[in-house]
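One structure is given here, and the rest of the page talks about it.
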Amino acid sequence: MKFPKDFLWGAATSSYQVEGFNENTDWAQAAKQGRVPYAGRLADHYHRYEEDFDIAKKLGHNAHRFSIEWARIEPQEGVFDQAEIEHYRQVLRALHARNITPMVTLWHFTLPLWFSESGGFERKDAPVVFARYCAHVVRELGDLCTHYATMNEPNVYASNGYLRGSWPPFKRFALTDMVSITNSGRGYKARAEKSISALFLYRKVMRTLAEAHNCAYDAIKNVAPEKNVSVVKHVIYFHANRNPFNMLRSWVANQLWTHVFMRRTFHKCDSIGLNYYFHKKFGDTEVCEKTDMDWDIYPQGLYDALRMLWKYKKPLYVSEAGLADAQDRYRAAYIQTQVSAVEKALSEGIDVFGHMYWSLIDNYEWALGIDKKFGLVEIDYQTLERRIRPSAWVYADLIKKHRKD
Ligand code: FCB
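For what it's worth, the numbering used here labels the leading residue of the sequence shown as 180, then goes sequentially.
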């Protein structure tokens, strides 16, 4: 009923999680050291994107969010690879050929080895280095894409890399062992030395990431002022029972997790992408059903997360929301609630222009490897066969019902 005519419906992926063989990266190096699972060929999306986009089209998607692998474009500092640019131009053309609007994320967690080895986002000049890469990509791909996000989930990157120590560069602040945040799920093991200094590094890196986004925004606008540039923010919806102390805790948690970063960057955003996966209710004893990540099944929180970001009065899009569900037991109902949450936000005047389910296909779930199945489409890693899960058709029906273009 309330979805605007040009609303973007689709799903998302990221390069390292689906392409295969992104070996010139900090994650591939960490895998060689045995600190995270080896990724290898994965879904081989690098070569099979046409097949995957055929499926997206069949499922009625009119948009697709994916990321560019920085290490492919800039394999050495300041050296840009034209053949890889050409590859991503083909990817974009393949989307246009199917009437699917592309949304490009310029950096989704993995770093080129030269950058991570020289300090990554601890480098003083990181914002300038990052902005140069972003501007280069937009200059080269610009005619084929309008929507660019500079970075994916800065908080998740920094908290897993600098507080929990479960991701490169494996720095760990001892106290955070007690806090369950983001992609680690059950069975996660930190493989890092604990230290107090990690906390200070975390703060420094978070500041640098905000500056890197702002700097990239300006650099992109310089080469292509008409592009829509966003940041993709992971929001945890912290809420509480009626106990004032718990209400205070949730307020502080929302400030620390979401608002500190957004306050630093929203003025350099034409829109904001929201990644929503979970909520935490302080003082709540209710036990929810869990996804395969051991996260509460609480898709209605997507509405609350949209409201939180609407504070910045920028057009919003859902850049990711979804669940790991190998049996495909909960996914259909989950997606229905996601879509209703967006509909509710729209009916209250919140400007939402797209909804990307995470993920189009099964992928590499970071430190947890390939066992967590987020895909609308199942990947058989032996044969590379793609099998559309039943819930993908439920999403397709919803799209059909609401699409007006
Ligand atoms: C998000 C990440 C994405 C994927 C999902 C499950 O935090 O952006 O790459 O891992 O979680």
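Here a beta-carbon is modelled for each residue, glycine too, at the ideal position from N, C-alpha and C.
Predicted, not measured: the structure shown is a model, and the values here were computed from it.
Cβ neighbours of residue i in the same chain (closer than 8 Å, five flanking residues each side left out)
i, result
"Gln515", "Val573, Leu577"
"Lys236", "Arg277, Asn278, Ile279"
"Phe457", "Ile415, Tyr416, Trp474, Asp475, Tyr477, Gly480"
"His470", "The sequence shown places Thr at residue 470, not His. Result list for Thr470: Ile476, Leu502, Ala503, Asp504, Tyr509, in chain order."
"Gly554", "Ser538, Leu539, Ile540, Asp541, Asn542, Arg568"
"His315", "Ile252, Glu253, Phe259"
"His224", "Thr192, Val197, Glu198, Gly199, Asp231, Ile540"
"Pro494", "Asp449, Ser450, Ile451, Asp530, Val531, Phe532"
Sub-7 Å separation of residue i and residue j beta-carbons
i, j, result
"Thr284", "Ser338", "no"
"Asn393", "Thr325", "no"
"Val531", "Val521", "yes"
"Asp500", "Leu481", "Note that residue 500 is Ala in the sequence shown, not Asp. Taking 7 Å as the Cβ cut-off, Ala500 and Leu481 qualify as a contacting pair."
"Tyr327", "Ala377", "no"
"Phe259", "Glu253", "yes"
"Thr204", "Thr329", "no"
"Arg129", "Ala389", "With the chain covering 180 to 584 only, the question about residue 129 has no answer from this structure."
"Arg568", "Asp507", "yes"
"Ser450", "Ser409", "yes"
"Ser345", "Ala505", "no"
"Lys460", "Tyr396", "no"
"Tyr491", "Phe440", "no"
"Val335", "His413", "yes"
"Ile529", "Leu563", "no"
"Ile234", "Val431", "no"
"Asn201", "Glu248", "yes"
Counted within 10 angstroms of its Cβ, other Cβ atoms place residue i as buried (16 or more) or exposed
i, result
"Tyr496", "buried"
"Leu221", "buried"
"Asp231", "buried"
"Phe424", "exposed"
"Ser526", "exposed"
"Pro291", "buried"
"Arg251", "buried"
"Arg382", "exposed"
"Glu163", "Absent from the model: residue 163. The displayed extent of the chain is 180 to 584, so no value can be given."
"Ala239", "It should be noted that the sequence gives Gly, not Ala, for residue 239. It is buried - the Cβ of Gly239 has at least 16 other Cβ atoms within 10 Å."
"Asn422", "exposed"
"Tyr217", "exposed"
"Lys580", "exposed"
"Val313", "It is Cys, not Val, that sits at residue 313 in the sequence shown. Under this definition Cys313 is a buried residue."
"Lys211", "exposed"
"His243", "buried"
"Ile275", "Sequence check: residue 275 is His here, not Ile. The residue is exposed, with fewer than 16 neighbouring Cβ atoms inside 10 Å."
"Gly452", "buried"
"Gly299", "buried"
Same chain, Cβ closer than 6 Å to residue i, five either side skipped, listed in chain order
i, result
"Asn331", "Thr284, His287, Val411"
"Pro348", "Gly340"
"Val270", "Tyr228"
"Phe352", "Leu342, Ala377, Leu378"
"Lys373", "Arg351, Ala353"
"Phe182", "His581"
"Ser570", "Asp507, Arg510, Ala511"
Residues near residue i by beta carbon distance below 7 Å, same chain, minus five either side
i, result
"Trp144", "Examination of residue 144 is not possible in this model, given that the chain is present from 180 through 584 alone."
"Ile558", "Ala222, Ile540, Asp541, Arg565"
"Leu380", "Glu301, Tyr341, Lys350"
"Asp463", "Asn420"
"Glu229", "Ala273"
"Gly548", "Pro216"
"Ser295", "Asp205, Pro347, Pro348"
"Cys467", "Asp475, Ile476, Tyr477"
"Thr387", "Phe300, Ala305, Pro306"
"Ala209", "Val215, Pro347"
"Val384", "Phe300, Glu301, Ala337, Tyr341"
Beta-carbon separation (whole angstroms), residue i vs residue j, contact threshold 8 Å
i, j, result
"Lys583", "Lys184", "5 Å"
"Ala391", "Pro281", "Contact doesn't hold; Cβ gap of about 23 Å is too wide."
"Asn433", "Met487", "7 Å"
"His438", "Ser429", "Wrong, their Cβ atoms sit about 12 Å apart, outside the cutoff."
"Met472", "Lys551", "6 Å"
Exercise. Mind the definition here: the stretch 319-329 touches the stretch 395-406 only if three or more C-beta pairs lie below 8 Å; say whether that holds.
Key: The stretch 319-329 is in contact with the stretch 395-406.
Quiz item: Any contact of the stretch 188-207 with the stretch 532-543, i.e. 3+ C-beta pairs under 8 Å?
Solution: Pairwise C-beta distances place the stretch 188-207 in contact with the stretch 532-543, as three or more of them are shorter than 8 Å.
Exercise. Pair every Cβ in the stretch 194-212 with every Cβ in the stretch 537-553, then say whether three or more of these pairs are closer than 8 Å.
Key: Segments in contact, yes.
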